[in-house]
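Residue numbers (the working numbering): 1 to 199.
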């Protein structure tokens with residue numbers, strides 16, 4: 001149980017990042033036709049590179065879902081680096097081709113929705129997994145799950161507030177996503193540790 005639970009936590013991490021990648025690419029593709037014609041070829045190439053990075057990340061995640069914890073730990077370092085490259089390139093895309101506030105807001109909304117979906121799925125899965133433990137061994141898990149749900153609710157409030165405001169800069173929106181992503185990672189890690197202690 002411990003090994004499988006640990007793998008679930010790594011998978012939660014990867015699914016959250018992949019969800020944001022999918023949302024980013026979807027948003028950029030929806031607005032690709034609006035890029036000025038003299039920049040269109042360059043934008044198409046950058047978008048193709050982002051799609052390739054997303055596909056490679058998805059393939060790695062799929063491959064790792066079958067691997068053990070040691071393989072996950074090693075792969076996660078590379079996946080984190082791949083995520084940072086994707087995030088940087090997406091930022092450059094927005095700065096170069098998606099300067100319209102509407103494009104930035106649309107991308108942010110999709111990314112925020114993907115992140116919140118990952119929170120909910122992780123909490124639901126962990127809640128389901130917690131039921132497999134005897135009640136006397138679940139106290140830490142229940143605390144971690146309550147914390148994860150509370151953090152998810154707080155993240156949702158923060159992201160919803162930014163989505164409604166609609167006037168924030170791209171960097172402010174990305175800072176908010178980074179903060180809530182880090183909160184997700186902390187909650188996911190706390191739940192992982194609780195499952196380890198209960199096993």
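The C-beta atom is built at its ideal place from N, Cα and C for all residues, glycine as well.
Asked	Found
Sufficient close CB pairs (3 or more, under 8 Å) joining the stretch 121-138 to the stretch 6-19	yes
Best match in 107, 95, 195, 73 for proximity to residue 19 [C-alpha to C-alpha]	107
Beta-carbon proximity of residue 180 to residue 155, cut-off 8 Å	yes
The stretch 67-76 touching the stretch 23-41, judged by at least three CB pairs closer than 8 Å	no
Residue environment, residue 87, which counts as buried when at least 16 other CB atoms sit within 10 Å	buried
4 or more residues per run - each alpha helix (DSSP H) lying fully within the stretch 13-100	37-64, 69-97
Range of the contiguous alpha helix (DSSP H) that encloses residue 171	170-198
Through-space distance from residue 140 to residue 196, alpha-carbon basis	10 Å
Distance, residue 52 Cα to residue 109 Cα	22 Å
Check whether residue 9 and residue 191 have beta carbons under 8 Å apart	yes
Residue nearest to residue 193 in terms of C-alpha spacing, selected from 162, 173, 148	148
CA nearest to the CA of residue 183, picked from 97, 83, 159	159
Buried or exposed by the 16-neighbour rule on C-beta atoms within 10 Å, applied to residue 24	buried
Residue 163 versus residue 81 - alpha carbon distance	28 Å
Three-state secondary structure (DSSP) of residue 132	coil
Given residue 186 as reference, the closest of 152, 102, 63 once Cα atoms are compared	152
Under 8 Å between C-beta atoms of residue 54 and residue 22	yes
Neighbour-count burial assignment, residue 207, 16 or more Cβ in a 10 Å radius	Because residue 207 is not part of the residues shown, which for the chain are 1 to 199, the question remains open.
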